[in-house]
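Working notes, structure below.
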Amino acid sequence: MDLEKRIIGFVQLGVILRDPKGALDKVIDKASKKNGWFTEENIRLAISSIGEMIKEDKIRKWVDKYESLKSKEKQPEARKTGVIMAGNIPLVGFHDFMCVLMSGNIFVGKLSSDDEILLPAIAKFLVSIEPKFKDQIHFTDQPFNKTKGIAAYIATGSNNSARYFEYYFKKHPHIVRKNRNSVAVLDGNETANDLNALGKDIFQYFGMGCRNVSKIYIPEDFNLDNFFEAIVDFGEVIHHNKYYNNHQYYRTLYLLNSEKFLDNNFLMLKNTPSNSPEGGEIIASPVATLYYEHYNNKNDLFKKLLAAQEQIQCIVSHHAIPFPLERVRVRPGHTQSPELWDYADGVDTMEFLIRMK
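Per the numbering used here: the sequence shown = residues 3 to 359.
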């Protein structure tokens, strides 16, 4: 299948995802019942975000960067790529799925038990649009060491599982992704709209994505009352049973440990400076908790973030920040709306797959 057919296939898939007209209702209902964190609202948000991401102009802009992909010469034989997917938010593995197929390779996916319904359903839509994709899409329950012919691997997991992935896949080309989180750098000049938009980056998908903000850095004189006022709209999150349980659990834990925190009854803010007893840069916060840290000198802060860049997926800021951190900067409200060229961990997945061929 040539590149143009692959492009058109995904373009038409995007049309469906932007306006499913009930075509995915049963799948969404099934997925939400399987995983309590996957509310219908969040699943529909993920689907529509992907639909926006794969508009024709964006796909063509994306693939235009890769000369070998556009070459009219005979393309190398498609090779199997094993993809181990996370399940923290709905359809989190779609981008890897698309990269493998758009590169002309064969997708062999091992789904997380937390998100094993949505992607196969969307893959069926893609095959109905372009039947030639059928032989390029495979899902498996088997361990990859029992699956023959896989030439490369892409694996997303925890810091612990990443060590195993690195060991098992060391003889093959691979991309292994570890835990990452996102942070926001505020300077006190943000508008109420900026802070409200930041609320999206914190609360969408209950804060469980690597692109969700789990810590904010604020000046010493920052007025947190303004922040709390700006995020009032997100208070409904506390009515979700699993989120509420996390809020109550960590609130009790902090009280038992005599730890200081601020609480607006749906989000706790906890001051967690870098010189915390745990050591190192502490970024990843529990569900229903947002870490914060004061800074005096912005240049010193950026040096610290640069040193911790392997822990960071995005940096939210309403103004430009020093290079190379600028490459991962996102405007408030946009962390969960990545473009096709916004690669996880800054590793160009498409380039990896093209070179692998």
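Even for Gly, the Cβ is constructed at its ideal location relative to N, Cα and C.
Going by DSSP, which residues form a beta bridge with residue i?
| i | result |
| --- | --- |
| P221 | Y297 |
| H140 | V110 |
| M100 | Per DSSP, none; premise fails for M100. |
| V185 | K217 and I317 |
| A25 | BP columns for A25 are empty, so no partner. |
| K244 | Answer by DSSP bridge pairing: none, since K244 is not bridged. |
| I124 | Its beta-bridge partners do not exist; DSSP assigns none. |
| I156 | V85 and I177 |
| L264 | L271 |
| L292 | L271 |
Could you pull out every residue in the same chain whose Cβ sits closer than 7 Å to the Cβ of residue i, ignoring the five residues on either side in sequence?
| i | result |
| --- | --- |
| R182 | C212, Q313, I314, Q315 and D347 |
| G237 | F268 |
| F109 | T83, V85, F99, V102, L103, Q138, I139 and H140 |
| F135 | G11, L103, L128 and V129 |
| K36 | I119 |
Taking residue i and residue j to be in contact with their CB atoms under 8 Å, please state how far apart those CB atoms are, rounded to whole angstroms.
| i | j | result |
| --- | --- | --- |
| M358 | R81 | 6 Å |
| V289 | Y245 | 6 Å |
| F12 | I61 | 6 Å |
| V215 | L197 | In fact, because the Cβ distance is near 12 Å, the residues do not count as touching under 8 Å. |
| V29 | I119 | 6 Å |
| V239 | F263 | Their Cβ separation, rounded to whole angstroms, is 17 Å, which puts V239 and F263 out of contact at 8 Å. |
| A154 | P175 | 4 Å |
| L15 | I131 | 6 Å |
| L342 | W64 | 4 Å |
| G111 | M87 | 6 Å |
| T337 | D203 | 4 Å |
| W39 | M270 | Not a contact, Cβ separation roughly 19 Å. |
Could you have a look at residue i and say whether DSSP puts it in helix, strand or coil?
| i | result |
| --- | --- |
| H176 | strand |
| V349 | coil |
| Q77 | coil |
| I18 | helix |
| M210 | coil |
| D235 | helix |
| R333 | coil |
| Y256 | helix |
| V129 | helix |
| Y170 | helix |
| E69 | helix |
| K57 | coil |
| A322 | coil |
| K134 | helix |
| V230 | Note that residue 230 is Phe in the sequence shown here, rather than Val. In the structure shown, F230 sits in a helix (DSSP, three-state: H, G or I). |
| D302 | helix |
| Q250 | helix |
| W343 | coil |
| L93 | coil |
| F12 | helix |
| V30 | Looking at the sequence shown, residue 30 is not Val but Ile. Note: I30 maps to helix in three-state DSSP. |
| D117 | coil |
Which same chain residues, not among the five before or five after residue i, have their C-beta less than 8 Å away from its C-beta?
| i | result |
| --- | --- |
| R331 | C316, I317, V318, S319, A322 and I323 |
| I285 | N183, V185, S216, K217, Y293, A310, Q313 and I314 |
| S70 | I356 |
| Y169 | none |
| E280 | Confidence is the limiting factor: at E280 the pLDDT is only 49, short of 50, which leaves the residue's position unreliable and the question unanswerable from this model. |
| K23 | none |
Sorted by chain position, which residues of the same chain lie with C-beta nearer than 6 Å to residue i's C-beta, five sequence neighbours on each side aside?
| i | result |
| --- | --- |
| S339 | S51 |
Per the contact definition of three or more C-beta pairs closer than 8 Å, is the region 183–203 in contact with the region 109–116? Counting Cβ pairs under 8 Å, fewer than three are found: no touch.
Can we say the region 54–64 touches the region 255–274, given the rule of at least three CB pairs closer than 8 Å? As far as the Cβ criterion goes, the region 54–64 does not touch the region 255–274, which means the pair count is below three.
Are the region 214–233 and the region 293–302 touching by the rule of at least three beta carbon pairs closer than 8 Å? The region 214–233 vs the region 293–302: in contact.
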